[in-house]
Amino acid sequence: MHHVRFSFIDRKSTKKSIGKSLQLQLHPMMSESPFPPVRTILFRKHVPAFFLSTFSVPPYTLPMSLTLYNSLTKKEEKFVPIKEGEVGMYTCGPTVYGRPHIGNYSSFLLADLLRRWLEVSGYSVTHVKNITDVGHLTGDTNADADGDDKIEKQAKEEGAEGAEGVEVNTESVMAIVKKYSDEYIADEKLLNFREPEHRPLASETIPEMIAMTETLLKKNHAYETDDGVYFDVTSFSDYGKLSGNTLDNLSAGARINIDEKKKNPADFALWKKCVGVNANHILRWDSPWGEGFPGWHIECSCMSEKFLGSEFDIHTGGEDLIFPHHECEIAQSQCSGSGKPNVHYWVHKRFIDMGDTKMSKSLGNVLTLPDIENMGFSPLDLRYYLLSVHYRTNLTFTQKGLEDAHKARRKIMEWMREVEGVEGTEGTEEVEDWKEKFSDAMNSDLNTPAALAVIFDCMSSSRNEGNRGDFKGFVQIIRETFGCFDPEEKEDVPQAVLDLAQKRVEARQNKDFEASDSIRDEILARGYEVKDTPEGQKIIKM
8 MHHVRFSFID RKSTKKSIGK SLQLQLHPMM SESPFPPVRT ILFRKHVPAF FLSTFSVPPY
68 TLPMSLTLYN SLTKKEEKFV PIKEGEVGMY TCGPTVYGRP HIGNYSSFLL ADLLRRWLEV
128 SGYSVTHVKN ITDVGHLTGD TNADADGDDK IEKQAKEEGA EGAEGVEVNT ESVMAIVKKY
188 SDEYIADEKL LNFREPEHRP LASETIPEMI AMTETLLKKN HAYETDDGVY FDVTSFSDYG
248 KLSGNTLDNL SAGARINIDE KKKNPADFAL WKKCVGVNAN HILRWDSPWG EGFPGWHIEC
308 SCMSEKFLGS EFDIHTGGED LIFPHHECEI AQSQCSGSGK PNVHYWVHKR FIDMGDTKMS
368 KSLGNVLTLP DIENMGFSPL DLRYYLLSVH YRTNLTFTQK GLEDAHKARR KIMEWMREVE
428 GVEGTEGTEE VEDWKEKFSD AMNSDLNTPA ALAVIFDCMS SSRNEGNRGD FKGFVQIIRE
488 TFGCFDPEEK EDVPQAVLDL AQKRVEARQN KDFEASDSIR DEILARGYEV KDTPEGQKII
548 KM
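Last residue of the sequence shown: 549 in the numbering used here, with the numbers rising by one and none dropped.
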């Protein structure tokens with residue numbers, strides 16, 4: 008049987024209706040994914056009753072009334088896509104000069120969560136997440152585009168330039184790109200991120216960057232100097248609208264180096280020539296302005312436009328990218344295009360803090376995914392921990408917080424297994440009420456803490472009422488939304504703990520309950536709990 012979701016819409020009044028122009032959103036039979044792309048069929052008359060009776064409504068589709076906090080307007084807004092049923096989303100990926108830390112993944116997780124919730128709600132999402140492999144200079148945080156190329160700098164450090172004739176060249180730089188790109192993608196798989204539809208490299212989009220720079224020059228939004236081509240921020244009256252760093256505010260004290268070649272200290276590089284301090288830049292391309300390489304900011308403008316068009320729905324990133332990176336993206340994209348905003352919703356993730364300071368490579372206080380695993384936790388424990396705090400709230404990382412996240416995740420997974428192990432009736436009024444509460448929380452600017460509270464309340468209620476099997480559809484929604492409750496996940500219990508557990512079984516069989524209790528305490532001291540069930544012992548990591 009095919010599964011369908013019905014959305015009857017009166018196009019004139021935008022209210023739900025059973026007459027006039029009707030829309031049927033049809034999901035094909037589930038195969039690998041329970042959320043295939045939506046196909047829309049329009050009817051001019053009532054859908055015949057016999058046709059409606061042929062289909063069953065799946066339990067995993069939910070109504071969408073999502074609001075998102077838009078960093079551009081500084082307020083929560085109802086999400087309305089440009090094209091009905093479809094969403095285009097761009098995420099600033101990593102600059103691959105080192106393994107991303109959990110603060111980076113916290114930002115990327117926001118995009119994955121948003122994508123998942125949109126798909127649970129019936130949207131088809133095209134997600135673009137780039138990899139920056141050229142042009143990100145150490146001075147780019149100050150909007151002045153000076154300093155060393157971060158990847159080339161790392162290649163020199165790892166390649167021991169000059170040692171035994173080792174030369175840092177294009178091949179060694181791209182080896183750094185491959186090394187850290189592979190680690191990054193492997194980490195995302197462990198964290199159960201959905202694969203983006205497009206994962207472009209900046210170095211693969213050079214022709215588009217040159218073309219956009221030429222357009223900005225022709226429109227008098229840019230100018231050429233001895234060392235590059237720069238965007239003239241005074242030509243764009245809305246510069247600073249996203250970050251609040253208007254030209255007046257910048258001149259009053261923002262960190263900007265003075266460069267006599269530039270018209271304005273806030274002007275940023277679109278293209279850097281391989282001359283002067285950049286004469287030995289390794290990655291370089293021919294251009295109308297001589298050999299050179301792109302500025303960091305233009306890369307994302309071109310990659311997003313290449314795959315999503317000149318206007319798309321959502322742009323995500325960490326709050327550290329608001330200025331200068333995203334501010335500069337807006338200026339380039341609007342001025343090279345129609346002049347209209349290219350992004351409708353800007354969504355940013357707050358920092359992870361380590362004590363009183365943010366987690367940062369420059370501060371040397373970062374944790375990577377292998378660090379989390381070496382602490383004895385699963386990547387999915389980290390995923391749950393990051394989602395337990397709202398994305399617009401700073402999370403202060405502690406090992407105790409991660410331990411609590413592990414325990415909470417295990418409790419939810421245990422309940423899910425109970426639900427899936429018994430028969431039930433789908434679509435009961437009680438279950439629909441819980442789905443609605445969950446949906447309300449997620450639709451309220453992705454309020455994951457509130458959604459988790461709904462889950463725990465539901466767990467208590469379903470166990471008390473003895474109707475656990477009715478919640479299978481709700482469990483599926485939770486799995487697809489949070490992405491950290493893998494039904495196939497197995498706990499890797501140390502062999503020493505397994506041996507103790509077997510001794511405990513033997514002690515109980517011999518009715519030596521004192522020894523059994525002593526072994527249980529020893530297992531507990533190793534960080535595991537033993538539960539006796541009708542099916543036998545269960546060993547759970549605390």
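C-beta: ideal position from N, C-alpha, C; glycine also.
These numbers were taken from a predicted model, which means no experiment stands behind them.
Could you give the first and the last residue of the continuous alpha helix (DSSP H) run that contains Leu393? Your numbering for residue 393 matches position 386 in the sequence shown. From DSSP, the alpha helix (DSSP H) with Leu393 extends over Pro386 to Leu394.
Pick out whichever of Glu202, Glu174 and Pro101 has its Cα sitting closest to the Cα of Lys157. Indexing the sequence shown from 1 puts residue 157 at position 150. The option with the nearest alpha carbon to Lys157 is Pro101.
Answer with buried or exposed for Lys3, where buried requires no fewer than 16 other C-beta atoms within 10 angstroms of its C-beta. Residue 3 cannot be examined here, being either before or after the span of the chain that is shown, 8 to 549.
Is the Cβ-Cβ distance between Leu394 and Thr323 less than 7 Å? For the purposes of this step, residue 394 is taken as residue 387 along the sequence shown, with counting starting at 1. For the purposes of this step, residue 323 is taken as residue 316 along the sequence shown, with counting starting at 1. Not in contact: Leu394 and Thr323 (Cβ atoms no closer than 7 Å).
Is DSSP giving Leu198 helix, strand or coil here? Taking the first residue of the sequence shown as 1, we reach residue 198 at position 191. Note: Leu198 maps to coil in three-state DSSP.
Within 10 Å of its beta-carbon, does Lys538 have 16 or more other beta-carbons around it, so buried, or fewer, so exposed? Sequence index remark: in the sequence shown, residue 538 carries index 531 (1-based). Flag for Lys538 reads exposed.
Leaving out five residues before and five after Phe42 in sequence, what residues of the same chain have Cβ atoms less than 6 Å from its Cβ? Your numbering for residue 42 matches position 35 in the sequence shown. Here Phe42 scores only 36 on pLDDT, less than 50, and its place in the model is too uncertain to base an answer on.
Just to confirm before moving on: does the CB-CB distance between Val135 and His205 stay below 7 Å? One-based indexing of the sequence shown puts residue 135 at position 128. One-based indexing of the sequence shown puts residue 205 at position 198. Yes, the Cβ-Cβ distance between Val135 and His205 is below 7 Å.
Exposure of Lys356, with buried meaning 16 or more beta-carbon neighbours within 10 Å: As a first step, residue 356 must be located in the sequence shown, where it is residue number 349. With 16 or more Cβ atoms within 10 Å of its Cβ, Lys356 is classed as buried.
Any 3 or more C-beta pairs closer than 8 Å across the stretch 103–115 and the stretch 474–490: no
For Leu387, tell me which candidate among His397, Val396 and Leu376 has the shortest Cα-Cα distance. In the sequence shown, the residue the question calls residue 387 occupies position 380. Considering only alpha carbons, the answer is Leu376.
Out of Thr253, Asp233 and Asp234, point me to the one whose CA is closest to Val240's CA. As a first step, residue 240 must be located in the sequence shown, where it is residue number 233. It is Thr253.
One or two residues paired with Phe238 in a DSSP bridge: For the purposes of this step, residue 238 is identified with residue 231 of the sequence shown, where counting begins at 1. Partner(s): Ala229 and Phe275.
Assign Leu453 to buried or exposed, taking buried as 16 or more other Cβ atoms, counted over all protein chains shown, within 10 Å of its Cβ. Position 446 of the sequence shown, counting from 1, holds the residue named residue 453. Under this definition Leu453 is a buried residue.
Kindly identify the DSSP beta-bridge partner or partners of Pro301. Taking the first residue of the sequence shown as position 1, residue 301 is located at position 294. Answer by DSSP bridge pairing, in chain order: Trp278.
State the start and end residues of the unbroken alpha helix (DSSP H) segment that holds Gly325. By one-based count along the sequence shown, residue 325 stands at place 318. It is not in any alpha helix (DSSP H) - Gly325 instead sits in the beta strand (DSSP E) that spans Phe319 to Gly325.
On the DSSP bridge assignment, give the partners of Val350 in chain order. What you label residue 350 is simply residue 343 of the sequence shown in a count that begins at 1. Answer is Phe319, bridged to Val350.
Which runs of the alpha helix (DSSP H) at least 4 residues long sit entirely within the stretch 444–481? Give them in chain order. 455–472
Using beta-carbon positions only, say whether Met181 and Cys309 come within less than 7 Å of one another. Locating residue 181 in the sequence shown gives position 174, counting from the first residue. Locating residue 309 in the sequence shown gives position 302, counting from the first residue. It is not a contact, given that the beta carbons lie outside the stated cut-off.
List the endpoints of the continuous alpha helix (DSSP H) containing Lys407. Taking the first residue of the sequence shown as position 1, residue 407 is located at position 400. Segment Gln406 to Glu427, the alpha helix (DSSP H) holding Lys407.
Kindly list the residues whose CB is nearer than 7 Å to the CB of Glu39, restricted to its own chain and excluding five residues on each side of it in sequence; keep chain order. Indexing the sequence shown from 1 puts residue 39 at position 32. At Glu39 the pLDDT is 38, less than 50, meaning the model places this residue with poor confidence and gives no usable figure here.
Comparing C-alpha positions only, which one of Ala503, Thr364 and Tyr246 sits nearest to Ile329? Position 322 of the sequence shown holds residue 329. The option with the nearest alpha carbon to Ile329 is Tyr246.
How far does the beta strand (DSSP E) with Ile7 in it extend, from its first residue to its last? The question about residue 7 has no answer, for the chain in this structure spans 8 to 549.
Quick one: what's got a C-beta closer than 6 Å to Phe445's C-beta in the same chain, skipping five residues either side? For the purposes of this step, residue 445 is taken as the residue at position 438 of the sequence shown. Same-chain partners within the cutoff: Ala458 and Val461.
Would you mind reading off the limits of the beta strand (DSSP E) that contains Ile359? Start at 1 with the first residue of the sequence shown, and residue 359 comes out as number 352. Run containing Ile359: Ile359 to Met361, per the beta strand (DSSP E) assignment.
Return the first residue and the last residue of the alpha helix (DSSP H) that Leu116 is part of. Counted from its first residue, the sequence shown places residue 116 at position 109. Ile109 to Val127 is the span of the alpha helix (DSSP H), which, as asked, contains Leu116.
Which residues share a DSSP beta bridge with His134? On the sequence shown, residue 134 is found 127 positions in, with the first residue counted as 1. Partner(s): Met96.
Looking only at its chain, what residues have a beta carbon closer than 7 Å to the beta carbon of Tyr237, apart from the 5 residues adjacent to it on each side? On the sequence shown, residue 237 is found 230 positions in, with the first residue counted as 1. Ala229, Tyr230, Lys269, Asp274, Phe275, Ala276 and Leu277.
Does the separation of the CB atoms of Glu306 and Ala162 fall below 7 Å? On the sequence shown, residue 306 is found 299 positions in, with the first residue counted as 1. On the sequence shown, residue 162 is found 155 positions in, with the first residue counted as 1. Contact: no.
Glu529 versus Glu521: straight-line alpha-carbon distance, rounded: Within the sequence shown, numbered from 1, the residue matching residue 529 stands at position 522. Within the sequence shown, numbered from 1, the residue matching residue 521 stands at position 514. About 13 Å.
How about Asp234 and Val175: are their beta carbons less than 7 Å apart? Here residue 234 refers to the residue found at position 227 of the sequence shown. Here residue 175 refers to the residue found at position 168 of the sequence shown. It is not a contact, given that the beta carbons lie outside the stated cut-off.
Beta-carbon gap between Pro301 and Gly142 smaller than 7 Å: Start at 1 with the first residue of the sequence shown, and residue 301 comes out as number 294. Start at 1 with the first residue of the sequence shown, and residue 142 comes out as number 135. Yes, the Cβ-Cβ distance between Pro301 and Gly142 is below 7 Å.
State yes or no: is the C-beta of Arg533 within less than 7 Å of the C-beta of Ser523? Translated into positions along the sequence shown, residue 533 becomes position 526. Translated into positions along the sequence shown, residue 523 becomes position 516. Result no, Cβ atoms of Arg533 and Ser523 do not sit closer than 7 Å.
Can you tell me whether DSSP reads His205 as helix, strand or coil? In the sequence shown, residue 205 corresponds to position 198, counting from 1. Here His205 sits in strand by DSSP.
Where Ile289 falls: helix, strand or coil (DSSP): For the purposes of this step, residue 289 is identified with residue 282 of the sequence shown, where counting begins at 1. Looking at Ile289 - three-state DSSP - the assignment turns out to be coil, as it is neither helix nor strand.
Using C-beta distances below 7 Å, list every residue in its chain close to Leu370, excluding the 5 sequence neighbours before and after it, in chain order. Walking along the sequence shown from the start, residue 370 turns up at place 363. Excluding residues within five positions, the ones whose Cβ falls inside 7 Å are Thr364.
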